[in-house]
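To start, the structure itself, in structure tokens.
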Amino acid sequence: MVAGRESKPHIGIFGRCNAGKSSLLNFITDADVAIVSPEGGTTTDPVAKSYEILDFAPVVLIDTAGVDDFSPLGRERVRRTMEVIPRIDLALVVYRTWGDPERELTGRLVRSGVPVIAVRNCQTGEVGPAVRPSWDGTSGSVPAGDPQGVDDLPDGVFRIAVPAVGGDASQRDALLAMIRRVLPEKSYKVPSMFAGRVAAGDRVLLVCPVDSEAPAGRLILPQVQAIRELLDLHAVALVVQPGEIGRVMSGGDAPRLVVTDSQLFGEVTREVAGRAEVTSFSVLLAAAKGDMKLYTEGLAAVDRLCDGDRVLVVENCSHQVSCEDIGRVKIPRWLCGYTGAALEFTTVAGLAPLPDDLASYALMVQCGGCMVTRSQLQNRIRQAAAAGVPVTNYGMLIRKLQVEK
Ligand SMILES: Nc1nc2c(ncn2[C@@H]2O[C@H](COP(=O)(O)OP(=O)(O)O)[C@@H](O)[C@H]2O)c(=O)[nH]1
Ligand SMILES: [Mg+2]
Numbered sequence: 138m139v140a141g142r143e144s145k146p147h148i149g150i151f152g153r154c155n156a157g158k159s160s161l162l163n164f165i166t167d168a169d170v171a172i173v174s175p176e177g178g179t180t181t182d183p184v185a186k187s188y189e190i191l192d193f194a195p196v197v198l199i200d201t202a203g204v205d206d207f208s209p210l211g212r213e214r215v216r217r218t219m220e221v222i223p224r225i226d227l228a229l230v231v232y233r234t235w236g237d238p239e240r241e242l243t244g245r246l247v248r249s250g251v252p253v254i255a256v257r258n259c260q261t262g263e264v265g266p267a268v269r270p271s272w273d274g275t276s277g278s279v280p281a282g283d284p285q286g287v288d289d290l291p292d293g294v295f296r297i298a299v300p301a302v303g304g305d306a307s308q309r310d311a312l313l314a315m316i317r318r319v320l321p322e323k324s325y326k327v328p329s330m331f332a333g334r335v336a337a338g339d340r341v342l343l344v345c346p347v348d349s350e351a352p353a354g355r356l357i358l359p360q361v362q363a364i365r366e367l368l369d370l371h372a373v374a375l376v377v378q379p380g381e382i383g384r385v386m387s388g389g390d391a392p393r394l395v396v397t398d399s400q401l402f403g404e405v406t407r408e409v410a411g412r413a414e415v416t417s418f419s420v421l422l423a424a425a426k427g428d429m430k431l432y433t434e435g436l437a438a439v440d441r442l443c444d445g446d447r448v449l450v451v452e453n454c455s456h457q458v459s460c461e462d463i464g465r466v467k468i469p470r471w472l473c474g475y476t477g478a479a480l481e482f483t484t485v486a487g488l489a490p491l492p493d494d495l496a497s498y499a500l501m502v503q504c505g506g507c508m509v510t511r512s513q514l515q516n517r518i519r520q521a522a523a524a525g526v527p528v529t530n531y532g533m534l535i536r537k538l539q540v541e542k
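In short: position in the sequence shown from 1, add 137, done, that's my numbering.
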């Protein structure tokens, strides 16, 4: 199966201009992916490339611009480079000599909770065919005899020396082995929507409306993921539009679990009338990838909203905006209706940074995050929590507004 980006670990390659970042990307992928040149500032926008690490997992490698580019355009490039940090599961910091830019960068990555491998771009042959055999890859330890082994790495930072140009297969393997070891398991283990609640043979009803917002000719990702997971579990997936719920629920062998598009929470709950548990794709994703505890606490803030409060709607993917758009039209309408308050809404689409004045929001509402990695979703939750902003999830909010009103 070709995995989507949302289930691939993202690895950022950082360092000064000319440190050999683009060369390292080409070395890892054994291909001419990124432009390499002695000219500083060759890599401008972050470049992402999917790559399969043999016997492991497909990953997304992101090449970035140098962090020491202080020209006017360079500042913009550095800003974009920094925006990569909340998107990744692991960082490679490439250096020739370790200095202030590397210290600052590594500190920033560590503070953001990103695991770091410091990759010294050495001369071919300088460190033998691979990492020194005496070094077992334990973080913080300096490979014996490495003349430029740096002592002031923060705790938890791994290190390796490889030539970004002209390295051999064993050096590539050593680096890949370290990447494999350092990548957190949660970055490649696909989170389960149904673990613990659905067993082989169970019948699960999926309510998938085909309306003006549905893409032509296909299902949306959470629906596809749910069907696939139910097949993996050898459960029985029944897929209907809302109008056909009655046909399935009236029989003797009615499903005990109904998963609906969140927008129909109220309608579907009434129709099912207690004969099965009703949840939504977004709520299942919240449990699998998000943070139920924070989302549940955040939901309580809805009842405290008052006139003039600002609500941040975070979409995580960018899609074409329809006239009945869930994040821009429906959630604002339902939330104002429920609270009776004149609220002010801001929408963030895709992986754009959250607003600088995040702390001024009274509530943040995130979609299920089907298109982004768990780290990317969790990062946004962490940012809201750090700014003291209650955060909840689309499906959980809509259930409150439609079912518990
Ligand atoms: N000989 C040698 N040249 C290298 C090595 N790494 C990078 N270079 C050269 O240094 C220049 C900058 O490399 P590049 O990968 O574009 O650096 P970036 O700015 O960090 O992306 C290019 O001319 C590369 O060919 C290396 O390990 N050995
Ligand atoms: Mg480059």
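For every residue, glycine included, the Cβ atom is placed at its ideal position computed from N, Cα and C.
{"Query": "Coil, strand or helix - T510 by DSSP", "Result": "coil"}
{"Query": "Range of the contiguous alpha helix (DSSP H) that encloses K158", "Result": "K158 to T166"}
{"Query": "Beta-carbon proximity of I150 to L227, cut-off 8 Å", "Result": "no"}
{"Query": "Assigned exposure category for D444 - 16 Cβ within 10 Å defines buried", "Result": "exposed"}
{"Query": "Sheet register partners of R318 (DSSP bridge)", "Result": "R318 pairs with nothing; no bridge assigned."}
{"Query": "Counterpart residues of I518 in DSSP-defined beta bridges", "Result": "According to DSSP, which records beta bridges pairwise, I518 is partnered with nothing at all."}
{"Query": "Minimum length 4: unbroken alpha helix (DSSP H) runs contained in the stretch 417-465", "Result": "418-426 and 429-436"}
{"Query": "N530 Cβ short of 7 Å to ligand 1 heavy atom set", "Result": "no"}
{"Query": "heavy atom of ligand 2 below 7 Å from D200 C-beta", "Result": "yes"}
{"Query": "Proximity test, A255 beta-carbon vs ligand 1 heavy atom, cut-off 7 Å", "Result": "no"}
{"Query": "8 Å contact criterion, which A337 and H371 should meet: CB distance rounded", "Result": "4 Å"}
{"Query": "Proximity test, K158 beta-carbon vs ligand 2 heavy atom, cut-off 7 Å", "Result": "yes"}
{"Query": "Coil, strand or helix - A524 by DSSP", "Result": "coil"}
{"Query": "C454 to R153 span [Cα, whole Å]", "Result": "30 Å"}
{"Query": "Start-end ranges of the beta strand (DSSP E) lying completely within the stretch 298-380, minimum 3 residues", "Result": "340-344 and 373-377"}
{"Query": "Spatial neighbours of C259 in its chain, beta-carbon cut-off 6 Å, leaving aside the 5 residues before and after", "Result": "A298 and P300"}
{"Query": "Which listed residue (G250, A496, V396 and P492) has its alpha carbon closest to that of L335", "Result": "The sequence as given places Val at residue 335; Leu does not occur at that position. Nearest C-alpha to V335: V396."}
{"Query": "Residues bridged to T397 (per DSSP)", "Result": "V344 and S417"}
{"Query": "Cβ neighbour criterion (16 or more within 10 Å) applied to A424", "Result": "buried"}
{"Query": "Beta-carbon proximity check, I254 vs L229, cutoff 8 Å", "Result": "yes"}
{"Query": "V347 classed as buried or exposed, judged by whether at least 16 other C-beta atoms fall within 10 angstroms", "Result": "exposed"}
{"Query": "Proximity test, S399 beta-carbon vs ligand 4 heavy atom, cut-off 7 Å", "Result": "The model depicted lacks ligand 4 and carries ligand 1 and ligand 2 instead."}
{"Query": "Touching by the beta-carbon criterion (3+ pairs, under 8 Å), the stretch 496-515 and the stretch 376-387", "Result": "no"}
{"Query": "Cβ separation of D200 and L162, assumed to be a contact under 8 Å, to the nearest whole Å", "Result": "5 Å"}
{"Query": "V540 in three-state terms, based on DSSP", "Result": "coil"}
{"Query": "Cβ pair count under 8 Å reaching 3, the stretch 435-442 against the stretch 498-512", "Result": "yes"}
{"Query": "Closest Cα partner of K186 within the set T166, E322, S174 and D305", "Result": "T166"}
{"Query": "Local conformation of L290 per DSSP, three classes", "Result": "coil"}
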